[in-house]
Amino acid sequence: TVLIIDFGSQVTQLIARRIREAGVYSEIVPFQSADAAIDRLNPVAVILSGGPASTSDIGSPRAPQRVFDLGVPVLGICYGQMSMCIQNGGKAEGSDHREFGRAFVEVHKASPLFEGVWDVGTKHEVWMSHGDRVIELPDGFEVLATSPGAPFAAYADEARKFYGVMFHPEVVHTPDGAKLLSNFVHTIAGIESDWSMGAFREEAIRRIREQVGDKKVICGLSGGVDSSVAAVLIHEAIGDQLTCIFVDHGLMRLNEADEVVGMFRGQYNIPLVHVDASDLFIGELEGVSDPETKRKIIGRLFIETFEAEAKKLGGADFLAQGTLYPDVIESVSFTGGPSVTIKSHHNVGGLPERMNMGLVEPLRELFKDEVRKLGRELGLPERFVGRHPFPGPGLAIRCPGGITRDKLDILRKADAIYLEEIRNAGLYDAIWQAFAVLLPVQTVGVMGDGRTYDFVLALRAVTSVDGMTADFYHYDMQFLANTATRIINEVKGVNRVVYDVTSKPPGTIEWE
Ligand code: XMP
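Be aware that the sequence shown starts at 179, since it is given in my numbering, and climbs by one per residue.
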């Protein structure tokens, strides 16, 4: 095991992720419990993460001193590197010259850390984020690389295999960072690759069994990848102690609800309660056009429906959720400052505050693409695992200006044609998310010899890495023309199609 000692950096999980990508198992522990973790795990290498503290603050965190007596390789990153320096007799200080963002380091000395990527005399892009700086290295340490703002950008005691880097190798903005981390675990620590999604699956199952024992678990299924993967995994661990509740709000896409129910009951034999609550949801939403009001109504009805169903089942001890790591960080505020609510997000989360149950969240450490890999490992169909994200409030937020059943039907048909065209053109995987929006605007058209006065449909497609920022997808015009023609010919109620060319920011991906 590689032990990652966490000093509270926002990107510590990315270190674990890179180590997983190198095929090696790691565990993250907060610095406060690192001492006990050393006894428990007997680590073969240690990584010290970055963190928000300054080493000059009184009581600022340190690694247990014995980390440096274990005789195993240690890599300190950013704050962790500063702590390693001080704990081995070097000096660091707070500095007015803070360095954030892109920087270039120049390599001065060859090292196994740089093997196969960085040669002496070359310069490389890295991502810096620090306030403190090292002013004196401990005995036995030598500088490996410098940057204009950091004369000790990378340094090492090669004999003891202690390495310090001021930059963050774990983030994608350090293009060679993954290779440096792989060098640390493979070349320096001599660990073989034996970690895989299959191993994660086994380990997750063991942990779920340990947590749940013989108690009951309920899981809110949304039809999305995350909750589905969580449910299948949990079912594998504890079988029919798990019951899934699928609150069908009637705002899903064409055939989607049937597909989800079919897959869970048919393919996996997972006990599933399918609640058709479309009358309730659509009834309360009818005539409501304010986006936040819509979102709040959906969130409230979802919780009420879910609770009522859970009660019918006689309750449960645990609530299962497909929470991913990005959900975990986004919900933690590090600045403590107020942030503006752009949209009240609804998904199957939000429940734990209300229901007095333990939480089972087996995907908490994973990123979206890792969840997809796990889904494949569990045998979920490719077409399902590779799906674009779909928002919890469903089509209600793709029908600006108040929904009706008729409008939802029009939107469903048009959306299905649009997505079919995208798949046929082989573009589905190149796009992060694509969907149609039915606008509350009617325009005049001419079809055959007659006048039409029908709705405008907007098409949206974006590329993105994480949904936080996005660019609109640059289609070939012919693709748009063909798709528009098909939609107008085949969907009664639409006589005009437009394409949304707004990026995020300033737009958001969804229209509401
Ligand atoms: P926006 O529209 O804020 O969306 O740019 C970013 C991503 O989040 C999805 N989205 C949601 N997902 N519940 C969800 O589970 C929601 O309430 C919700 N609203 C937006 C959106 O589809 C996009 O992928």
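The beta carbon of each residue, even a glycine, is placed where N, CA and C say it ideally should be. None of the values given here were measured: they were computed from a predicted structure.
On the DSSP bridge list, what partners appear for residue i?
i: residue 723; result: The structure shown does not extend to residue 723, since the chain is modelled only from 179 to 690, so the question has no answer here.
i: residue 205; result: 181
i: residue 613; result: 638
i: residue 473; result: Answer by DSSP bridge pairing: none, since residue 473 is not bridged.
i: residue 452; result: 424
i: residue 225; result: 182, 253
i: residue 396; result: 421, 497
i: residue 334; result: 320, 341
i: residue 198; result: Its beta-bridge partners do not exist; DSSP assigns none.
i: residue 676; result: 636
i: residue 623; result: 630
i: residue 648; result: 682
i: residue 585; result: Note: residue 585 sits in no beta bridge, so no partner.
i: residue 592; result: Residue 592 is not bridged to any residue.
i: residue 285; result: 323
Pull up the CB-CB distance for residue i and residue j, whole angstroms please, since I reckon it's below 8 angstroms.
i: residue 305; j: residue 327; result: About 13 angstroms; that fails the 8 angstroms criterion.
i: residue 687; j: residue 675; result: The Cβ separation is near 19 angstroms, so there is no contact.
i: residue 208; j: residue 247; result: About 21 angstroms separates the two Cβ atoms, so there is no contact after all.
i: residue 295; j: residue 286; result: Contact doesn't hold; Cβ gap of about 15 angstroms is too wide.
i: residue 690; j: residue 578; result: 6 angstroms
i: residue 322; j: residue 407; result: About 41 angstroms; that fails the 8 angstroms criterion.
i: residue 379; j: residue 555; result: 6 angstroms
i: residue 219; j: residue 341; result: Not confirmed; about 20 angstroms, so no contact.
i: residue 613; j: residue 638; result: 6 angstroms
i: residue 428; j: residue 460; result: 5 angstroms
i: residue 671; j: residue 588; result: 4 angstroms
i: residue 591; j: residue 432; result: 7 angstroms
i: residue 291; j: residue 258; result: Not really, about 15 angstroms apart at Cβ, beyond 8 angstroms.
i: residue 399; j: residue 422; result: 5 angstroms
Please go through the same chain and pick out, in chain order, the residues whose beta-carbon is closer than 8 angstroms to the beta-carbon of residue i, but skip the five residues on each side of it.
i: residue 293; result: 361, 365
i: residue 629; result: 622, 623
i: residue 706; result: Because the chain spans 179 through 690 in this model, residue 706 falls outside it and cannot be assessed.
i: residue 502; result: 404, 541, 542, 544, 545, 546, 549
i: residue 516; result: Confidence at residue 516 is low in this model, with a pLDDT of 45, below 50, so its placement is unreliable and the value that follows should be read with caution. For residue 516, where only same-chain residues beyond five positions count, there are no Cβ hits under 8 angstroms.
i: residue 455; result: 425, 426, 427, 428, 479, 483
Flag residue i as yes when its Cβ comes closer than 8 angstroms to any non-hydrogen atom of the ligand XMP, and as no otherwise.
i: residue 427; result: no
i: residue 499; result: no
i: residue 559; result: no
i: residue 165; result: Outside the displayed range of the chain (179 to 690) lies residue 165, so it cannot be described from this structure.
i: residue 522; result: yes
i: residue 686; result: yes
i: residue 571; result: yes
i: residue 706; result: Past the boundaries of the shown model lies residue 706; the chain is included only from 179 to 690, so the question cannot be answered.
i: residue 575; result: yes
i: residue 578; result: no
i: residue 175; result: The displayed coordinates of the chain run from 179 to 690. Any statement about residue 175 would go beyond what the structure contains.
i: residue 565; result: no
i: residue 648; result: yes
i: residue 480; result: no
i: residue 402; result: yes
i: residue 473; result: yes
i: residue 459; result: no
i: residue 568; result: yes
Once you ignore the five residues that flank residue i on each side, which residues in its own chain have a CB closer than 6 angstroms to its CB?
i: residue 444; result: none
i: residue 338; result: none
i: residue 514; result: Its pLDDT being 36, under 50, residue 514 is placed unreliably by the model, and nothing is read from it.
i: residue 531; result: none
i: residue 313; result: 269, 271
i: residue 610; result: 640, 641, 642
i: residue 510; result: Because residue 510 sits at a pLDDT of 47, beneath the cut-off of 50, its placement in the model cannot be relied upon, and the point is left open.
i: residue 500; result: 404, 405, 408, 541
Can you list, in chain order, the residues of its chain whose CB lies under 7 angstroms from that of residue i, leaving out five sequence neighbours each side?
i: residue 412; result: 386, 395, 397, 420, 498, 538, 540
i: residue 195; result: 545
i: residue 221; result: 179, 180, 181, 250
i: residue 681; result: 648, 649, 650
i: residue 634; result: 617, 619, 621, 674, 676
i: residue 238; result: 231, 232
i: residue 309; result: 232, 272, 273, 276
i: residue 333; result: 315, 319, 320, 321, 322, 342
i: residue 568; result: 402
i: residue 494; result: 394, 395, 396, 488, 535
i: residue 418; result: 449
Closest Cβ-Cβ distance between residue i and chain D: below 9 angstroms?
i: residue 340; result: Here there is only one protein chain, and chain D is not present.
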